[in-house]
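By our numbering, the letter at position 172 of the sequence shown is numbered 1038, and the numbering carries on one by one without gaps.
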Amino acid sequence: MISTGHLFVTLLLIGRLILYPIGAIILLRQWYKGKVRYYTDLPFIFALVLIIMCIYTPIELYFVAFYPAVSIDSSFGQIAYLIDLNLNTVVYGLNFAILLAVWFPTHKKGILFSILGWIIFTEIAILIAAFINMAIMDILLIIIGLPMYILFVVTFYFCHYHKRLPNIYPLLIGSGMAIILISHLFHSILGQMGTRLAGIYTDATWPAMIIWLAGFSIMVLGFLKKAPYSNMP
């Protein structure tokens, strides 16, 4: 019989699957309306993040809905977990690209090479950890994600304080990512509790997923709204 936590996790993943393409379409339309368009523009990169999420969320949903309580020590459980971690790595890399686009807007080739280097390095780290001990993976996910989250929050708060990026709302974006950071830490704790479903999910992680959803919504709103100082001379 399905538990309440399992049901909530499944429904929240379905909710993500609905929201991601909507957010991606909105951001791509915003990017396309620009007079000059670059692939390193923030709306385009964030839309790409959402497109990647559209690809791997159905995989997560499939594992969670149809193969619950799979032991992480089993071959199937390890495959599900590695899929989660590898796709999370790509998303982290794209978020890293957003940071580089803010700090080094003119170094477009450098940004692309940096992202490729980031993804290759983290993929190697994940594969090495998988061969050593699958239990290391939870810690590795925190190590990979935490610095990026913190730098992301600091970057957009810095931009708001110095009145940069007027065509978006850096304060909302930074605040949304701060909430996602909290959900990430909360998820890591709750992921050690309850019954393992698949990948990084247990039937106790749904509160962290709700917090994440709130942060994500605030971030998307930040990309759609202009900063209060956008009309200042």
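Cβ coordinates follow ideal geometry from the N, Cα and C atoms, glycine included.
- In this structure residue 1068 is in contact with residue 1056, their Cβ atoms being roughly 7 Å apart against a cut-off of 8 Å.
- The beta carbon of residue 1033 is closer than 7 Å to those of 1092, 1096 in its chain, skipping five residues each way along the sequence.
- Between residue 1016 and residue 1045, the C-beta spacing is not below 8 Å.
- Annotated three-state conformation of residue 915 is helix, per DSSP.
- Taking 8 Å as the cut-off, the Cβ atoms of residue 875 and residue 1071 count as close.
- In the assembly as shown, residue 893 is a buried residue. Its beta-carbon has 16 or more other beta-carbons within 10 Å.
- Its Cα nearest to that of residue 1024, the residue 1037 stands out among 1037, 1014, 1013, 1012.
- Residue 1074 and residue 1028 have their C-alpha atoms spaced approximately 32 Å apart.
- Of the candidates 1060, 1039, 1054, the residue whose Cα lies closest to the Cα of residue 869 is 1060.
- Relative to the Cα of residue 924, the nearest Cα in the group 887, 910, 904 belongs to 887.
- DSSP places residue 875 inside the alpha helix (DSSP H), whose first and last residues are 870 to 898.
- For residue 1043, the CB contacts under 8 Å within the same chain, skipping 5 residues up- and downstream, are 1015, 1018, 1019, 1022, 1081, 1085 in chain order.
- Ranked by Cα distance from residue 1049, the options 1012, 928, 1035 are led by 1012.
- Spanning the alpha carbons of residue 879 and residue 912 requires a straight line of approximately 19 Å.
- For residue 1039, the CB contacts under 7 Å within the same chain, skipping 5 residues up- and downstream, are 1022, 1085, 1088, 1089 in chain order.
- Of 871, 872, 1094, the smallest CA-CA separation from residue 1030 is found for 1094.
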